[in-house]
Amino acid sequence: METIKTVYYEKRAQVLMKNLRSRRFDAWYCETREDALRQALSLIPEGASVGWGGCASAEEIGLVDAVRKGNYHPIDRDTADSPEEKTKIMKKTLLADVFLTGTNALSLDGELVNIDGTGNRVAAIVYGPESVIVIAGMNKVCATLEDAVTRARTVAAPMNAQRFPVQTPCKVTGTCADCKSPDCICNQILITRNCKPAGRIKVILVGEDLGF
Ligand code: SF4
């Protein structure tokens, strides 16, 4: 039986998809993470080079594992033996056929908000990879762009900081202090208003809570 949350997410997703498409994003709604995985894989040609970044949601639906095990060319920075090699792999990701990522927040009006420390993830969203697949749990959807920026800065970033060996106020308190720390993970804030070329960014909305 459908839960109230399922019904709510589905209705909200219909509005959001219409707005995303009006901005020339491709968009799908998948009720479950299993459906989202199938949809994402259908968008990746066999033999494609595939990179990723900031993709807790893609990991949670099993997409990163499927790419590692499938008939693709993964560009995987976790295989690096040194920081220098890791940087090289991250730069190579900018020329991948396909880039997998999440989004820190979306407005119901169809704008994506992403925050980045190094900048490699937002760079790939902006330009480089031929195709960008965004996996977004419906928990990321906010009423307005202002709310989406607030979510990215005060929820997503402080949660994300818990994953890294950083010395930032949010790592200690769980609350953003608008820091200027050398370890700050919020050096770049990207708002993607429209998709150009049309269809380059493919947003797969998932009727579950995913990521941060
Ligand atoms: S305290 Fe600094 S690193 Fe943490 S969320 Fe705020 S700006 Fe980002």
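Positions in the sequence shown are counted from 1; adding 183 to them yields our numbering. Beta carbons are placed, not taken as given, at the ideal position from N, Cα and C, and that holds for glycine.
Query: 7 Å Cβ shell around residue 285 - same chain, five flanking residues per side excluded; Result: 237, 238, 239, 240, 241, 317, 318, 319, 394
Query: Limits of the unbroken beta strand (DSSP E) element including residue 289; Result: 288-290
Query: Cβ-based burial, residue 265 [other Cβ within 10 Å; buried from 16]; Result: exposed
Query: Among 194, 369, 193, 199, the one whose alpha carbon lies nearest that of residue 386; Result: 199
Query: Cβ neighbours of residue 371 in the same chain (closer than 6 Å, five flanking residues each side left out); Result: 299, 302, 305
Query: Exposed unless 16 or more other CB atoms sit within 10 angstroms - verdict on residue 229; Result: exposed
Query: Where residue 208 falls, given that 16 or more other Cβ within 10 Å makes a residue buried; Result: buried
Query: Pick from 315, 359, 352 that is closest to residue 382, judged by C-alpha positions; Result: 315
Query: Alpha-carbon spacing of residue 380 relative to residue 204, whole angstroms; Result: 13 Å
Query: Alpha-carbon spacing of residue 235 relative to residue 384, whole angstroms; Result: 14 Å
Query: Cβ-Cβ distance between residue 390 and residue 217 below 8 Å; Result: no
Query: For residue 247: DSSP bridge partner residues; Result: For residue 247, which the question treats as bridged, DSSP gives no partner whatsoever.
Query: Below-8 Å beta-carbon distance, residue 334 vs any chain D residue; Result: The chain labelled as chain D is not found in the depicted structure, where only one protein chain is given.
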